[in-house]
Each structure stands twice: as structure tokens, then as C-alpha cells.
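Taking it in order: structure first as C-alpha cells, then the write-up.
2 protein chains.
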Amino acid sequence: MKLYHSKGSPNSRRVRILIAEKGLDVELVPVDLGIREQASDAYKAINPRQVVPTLLLDNGIAIGEVPVIQRYLEEVSPEKPLFGTTPEERAVVGMTDRRIEAEGFASVMEAIRNTVAGLKDRAIAGPHSYAQIPDLIVRSKQRVANFYSDLEASLKTSAYVAGADFSVADITTLVTIDFATNAISMPIPETAVAVRAWYEKVAARPSSQA
Amino acid sequence: MKLYHSKGSPNSRRVRILIAEKGLDVELVPVDLGIREQASDAYKAINPRQVVPTLLLDNGIAIGEVPVIQRYLEEVSPEKPLFGTTPEERAVVGMTDRRIEAEGFASVMEAIRNTVAGLKDRAIAGPHSYAQIPDLIVRSKQRVANFYSDLEASLKTSAYVAGADFSVADITTLVTIDFATNAISMPIPETAVAVRAWYEKVAARPSSQA
Numbered sequence: 001m002k003l004y005h006s007k008g009s010p011n012s013r014r015v016r017i018l019i020a021e022k023g024l025d026v027e028l029v030p031v032d033l034g035i036r037e038q039a040s041d042a043y044k045a046i047n048p049r050q051v052v053p054t055l056l057l058d059n060g061i062a063i064g065e066v067p068v069i070q071r072y073l074e075e076v077s078p079e080k081p082l083f084g085t086t087p088e089e090r091a092v093v094g095m096t097d098r099r100i101e102a103e104g105f106a107s108v109m110e111a112i113r114n115t116v117a118g119l120k121d122r123a124i125a126g127p128h129s130y131a132q133i134p135d136l137i138v139r140s141k142q143r144v145a146n147f148y149s150d151l152e153a154s155l156k157t158s159a160y161v162a163g164a165d166f167s168v169a170d171i172t173t174l175v176t177i178d179f180a181t182n183a184i185s186m187p188i189p190e191t192a193v194a195v196r197a198w199y200e201k202v203a204a205r206p207s208s209q210a
Numbered sequence: 001m002k003l004y005h006s007k008g009s010p011n012s013r014r015v016r017i018l019i020a021e022k023g024l025d026v027e028l029v030p031v032d033l034g035i036r037e038q039a040s041d042a043y044k045a046i047n048p049r050q051v052v053p054t055l056l057l058d059n060g061i062a063i064g065e066v067p068v069i070q071r072y073l074e075e076v077s078p079e080k081p082l083f084g085t086t087p088e089e090r091a092v093v094g095m096t097d098r099r100i101e102a103e104g105f106a107s108v109m110e111a112i113r114n115t116v117a118g119l120k121d122r123a124i125a126g127p128h129s130y131a132q133i134p135d136l137i138v139r140s141k142q143r144v145a146n147f148y149s150d151l152e153a154s155l156k157t158s159a160y161v162a163g164a165d166f167s168v169a170d171i172t173t174l175v176t177i178d179f180a181t182n183a184i185s186m187p188i189p190e191t192a193v194a195v196r197a198w199y200e201k202v203a204a205r206p207s208s209q210a
């Protein structure tokens with residue numbers, strides 16, 4: 001089993017942290033985004049969307065899309081569960097993770113892809129060209145601000161993002177916050193005290209270095 | 001178990017078709033989007049994002065997000081599987097469904113939400129206000145056109161969207177095409193012969209009436 005990834009890619013980091021939390025043995029294969037290796041014929045053959053990460057199984061099946069890779073790894077290695085342990089827990093974790101991804105992670109990504117000069121005709125990741133839309137930069141940052149205020153309300157009454165236990169939703173949230181801090185200068189607001197306390201706790205886990 | 005839904009909501013239809021395919025006994029509770037019942041206090045208590053559908057379990061747990069509801073129903077009622085039957089099959093179906101959703105379904109939704117006068121300050125579903133961005137209408141329609149050409153390439157060599165068997169990815173694709181046809185006047189292109197043949201086959205299933 002090999003994970004094609006990039007060290008600087010937040011989506012790759014989401015899978016690396018899960019691998020570290022569960023202590024799995026997965027070979028990491030770097031893809032050099034700087035030279036657009038993700039658009040090479042060799043990489044397109046395993047991921048036609050030309051994005052990292054991709055999990056390549058020993059039988060040749062290639063799995064893309066971060067939450068799908070994470071869920072596959074959980075299914076084949078259920079020890080140290082990160083999606084809960086019952087259908088109801090899996091539903092709550094899955095729902096929460098998807099909302100964090102749509103409202104937080106995707107908003108940061110959208111702000112960057114519509115800003116960076118090098119992505120001028122690639123405002124959406126994938127094989128097709130799309131022009132940048134400057135109005136989206138403003139709107140994406142509003143969405144990140146709302147993501148922080150909604151997260152603060154939620155963490156006031158909950159130890160972790162999807163409930164009492166650390167889960168994949170905490171991984172998505174940690175990566176989103178580091179991504180917003182480093183790439184669009186939107187760190188956790190000073191007033192978001194519950195988010196700050198949660199962040200200290202989660203960033204202290206060894207997996208956060210992955 | 002109750003599904004809060006709206007007859008005219010494509011996201012609700014995705015769950016209704018799965019229920020019909022699997023022959024499940026789920027009570028349907030209508031939510032009147034015309035009077036913005038989704039923003040009522042009663043509905044917000046079960047879905048703070050104020051969108052349909054929501055699956056309310058008998059123990060009070062509320063599950064939102066279409067693929068999460070679908071996967072929960074599959075887990076508790078595995079007969080007539082719509083996600084495959086092995087971890088590898090579930091990964092391929094999940095990956096394919098997510099791409100159809102992101103590239104097809106979400107593009108149609110984005111075109112509409114940035115167009116319709118009644119959604120002027122609600123360009124993104126949920127509790128927060130976001131202004132419409134006219135440039136997104138153009139870009140969303142380009143994305144729908146690319147969705148059709150990518151789908152045509154895929155269905156030339158595959159009986160169903162995620163492989164040899166009918167799956168939840170076919171449900172998402174059917175609903176996306178009907179949504180594009182009816183809401184933004186983008187039916188299947190004449191040249192997409194494999195998509196047209198697939199559509200005839202899938203639309204003939206009784207579940208498509210759900």
C-alpha cells in the first residue's frame with residue numbers, strides 16, 4: 001500500500017495524520033507539485049483528477065478523495081477507531097467532518113486558488129481550466145470567519161469537534177486552521193477561547209507533526 | 001425513523017431513491033421550503049445548517065448530509081447493497097460518488113443559487129448570508145459541460161457510473177442530470193450517446209419516480 005502525497009499539501013496531511021494516529025505501515029511516495037508532477041501521464045493513470053493524495057493498493061486499485069481514503073484505512077484497520085464504533089457514531093462523525101470540510105477547509109482552499117498568480121487558470125483543482133474570480137476571495141474569507149464562530153459555539157459544549165472523542169473531524173479541523181493561518185493569514189481569533197484550548201490539546205498530539 | 005424532506009429538493013430525492021431501491025420503511029415528513037420552514041426553530045433544532053433532508057432516528061439522533069444519510073441506511077440495512085460489498089468496492093463507489101457530486105451536482109446547485117432572485121443573499125445554503133456572484137453562473141455552466149464530457153468518456157467503457165453494478169453514484173448522476181435539465185436548461189448533450197443510453201436504463205427503474 002502506497003500513499004502518493006506532497007509534504008506541503010494540506011489534503012495529504014489529513015491522511016498522514018490519520019496514518020500516524022492509527023500507527024499504520026503505509027509507504028509514502030512524494031509527488032512534486034512544484035514541477036506539476038501531478039499532471040504527468042504516470043500520475044494521471046492513478047488519479048485522473050490530478051490531485052494528491054492517492055492511495056494505491058497492492059492489487060492496483062487507486063483510491064482518491066481524502067475522506068474515502070481515510071474511511072478505507074479505518075475499515076481495513078479498525079483498531080484505534082477515528083470514525084466512532086457504531087453506525088450512529090459513524091454518521092455523526094461523518095456528518096461533522098463533511099461540514100468542517102465544506103465550510104472550513106474548502107473555503108480556505110477557494111480563497112487561495114482564486115488569489116495565487118501561479119494558479120491563474122486553475123482556480124479549481126483538476127484537469128479542467130477555470131479562471132480565477134476575485135469576488136470569491138472576499139466571500140471565502142467571510143466563510144472562514146463564520147467557520148471560526150460556528151466552531152467556537154460548538155466547542156464550548158464539546159471536548160472534541162464531533163463529540164466526546166478525538167475523531168477524523170478533529171484532523172480536518174486542525175489541518176484547516178493551520179492552512180488558514182499559514183496561507184491566508186487567518187489564525188484562530190483571539191476571542192475564540194474554546195477553539196484555542198481545543199487547538200492546544202490537539203496540536204500537542206504527536207500525529208500533528210505528520 | 002423519519003426523513004424530513006421536500007418533494008422538489010434534488011438532495012431529498014437522492015435519499016428517497018435509495019430508500020425506494022432498498023425497499024426501506026422510512027416515514028417521509030415534508031418541509032415547506034416555500035415558507036422557509038427549514039429556518040424555523042423546530043427544524044433548526046434537528047438541522048442547524050437549515051437544509052433538507054435530515055434523517056431523524058427514533059433515539060433522537062439527527063443525521064444530515066446526503067451521503068452520510070445514505071451510508072447510514074446502507075449500514076443498518078445492508079440488503080440490496082448500493083455501495084458495493086467489500087472495502088475496496090466501497091472505496092471506488094465512494095470516490096466516484098464524491099466526484100460526481102463535486103463536479104456535477106454542486107455545479108448545477110451553484111449556478112442556480114447565484115442566479116435566482118429569491119436567493120439574492122443566500123448564494124450558499126445554510127445559516128449565513130452570502131451575496132450572489134454573477135461570474136459563478138458562467139463558471140458553473142462550464143463545469144456542468146465538463147461533467148457531461150467526462151461522464152461520456154467514463155460510460156463508454158462501464159455499464160454503470162462506478163463500475164459493473166448500479167450504485168449510489170448512479171443515483172447522484174441521475175438526480176444531477178434531471179436537475180441540470182429542469183433548472184438550468186442543460187440536458188444531456190446530443191453527442192453524449194453513452195450517457196443517453198445509460199440514462200434510459202436508469203430512468204426506467206421504478207425508484208426514479210421517488
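If you read the protein sequences in the order shown, they are chains A and B.
Numbered per UniProt numbering, the first sequence spans residues 1 to 210.
Numbered per UniProt numbering, the second sequence spans residues 1 to 210.
Glycine included, C-beta positions come from ideal geometry on N, C-alpha and C.
The structure presented is a predicted model; accordingly, all values stated were derived computationally and were not measured.
Interface flag, residue i vs chain B, CB-CB below 8 Å
i, result
"VAL195/A", "no"
"PRO87/A", "yes"
"ASN146/A", "yes"
"LEU24/A", "no"
"GLY163/A", "no"
"GLY94/A", "yes"
"ARG71/A", "yes"
"LEU82/A", "no"
"residue 224/A", "Any answer about residue 224/A is impossible in this case: the structure gives chain A only from 1 up to 210."
"VAL68/A", "yes"
"GLU65/A", "yes"
"HIS5/A", "no"
"ARG139/A", "yes"
"LEU136/A", "yes"
"ALA42/A", "no"
Exposure label - residue i; buried when at least 16 CB within 10 Å
i, result
"SER40/B", "exposed"
"GLY104/A", "buried"
"GLY23/B", "exposed"
"ASP97/B", "buried"
"ASN47/A", "buried"
"residue 211/A", "Residue 211/A is absent from the model: chain A starts at 1 and stops at 210."
"PRO10/A", "buried"
"THR173/A", "buried"
"ARG99/A", "buried"
"GLY118/B", "exposed"
"ARG49/A", "buried"
DSSP-derived helix/strand/coil call for residue i
i, result
"LEU155/A", "helix"
"ARG122/B", "strand"
"GLY60/B", "coil"
"LEU18/B", "helix"
"LYS80/B", "coil"
"VAL68/B", "helix"
"LEU33/B", "helix"
"residue 211/B", "Outside the displayed span of chain B (1 to 210) sits residue 211/B, for which this structure offers no information."
"LEU2/B", "Residue identity differs from the one stated: residue 2/B is Lys in this sequence, not Leu. Here LYS2/B sits in strand by DSSP."
"residue 259/B", "Past the edges of chain B, shown from 1 to 210, lies residue 259/B, and the structure says nothing about it."
"GLY163/B", "strand"
"THR191/B", "coil"
"THR181/B", "helix"
"THR54/A", "strand"
Contact check, residue i vs residue j, beta carbons under 8 Å
i, j, result
"ALA210/B", "TYR148/B", "no"
"ILE136/A", "GLU110/A", "Looking at the sequence itself, residue 136/A is Leu, so the reference to Ile does not match. Yes; because the gap between Cβ atoms is below 8 Å, this pair is in contact."
"VAL93/A", "SER167/A", "yes"
"VAL15/A", "GLN38/A", "no"
"LYS2/B", "VAL29/B", "yes"
"ARG196/A", "ILE184/A", "no"
"MET186/B", "VAL138/B", "no"
"VAL175/A", "ARG13/A", "yes"
"ILE171/B", "ILE17/B", "yes"
"VAL108/B", "PHE179/B", "yes"
"residue 282/A", "LYS80/A", "As shown, chain A starts at 1 and ends at 210. That puts residue 282/A outside it, with no answer to give."
"ALA162/A", "ALA153/A", "no"
"ILE177/A", "TYR199/A", "yes"
Whole-number beta carbon distance between residue j and residue i, since they are thought to touch under 8 Å
i, j, result
"GLN132/A", "ALA125/A", "So it is not a contact: roughly 13 Å between Cβ atoms."
"TYR72/B", "PRO87/A", "6 Å"
"HIS128/A", "ASN114/B", "In fact, because the Cβ distance is near 19 Å, the residues do not count as touching under 8 Å."
"ILE69/A", "LEU57/A", "Actually they do not touch by this definition, with Cβ atoms about 11 Å apart."
"ALA194/A", "LYS141/A", "That pair is no contact at about 22 Å."
"ALA91/B", "ILE63/A", "5 Å"
CB contact check: residue i to chain A, cutoff 8 Å
i, result
"ASP58/B", "no"
"LEU174/B", "no"
"ARG205/B", "no"
"GLU152/B", "no"
"ILE61/B", "yes"
"VAL76/B", "yes"
"GLN50/B", "no"
"GLN38/B", "no"
Cβ-heavy atom distance, residue i to the ligand FMN, below 7 Å
i, result
"ILE124/A", "This structure lacks the ligand FMN; in fact it carries no ligand of any kind."
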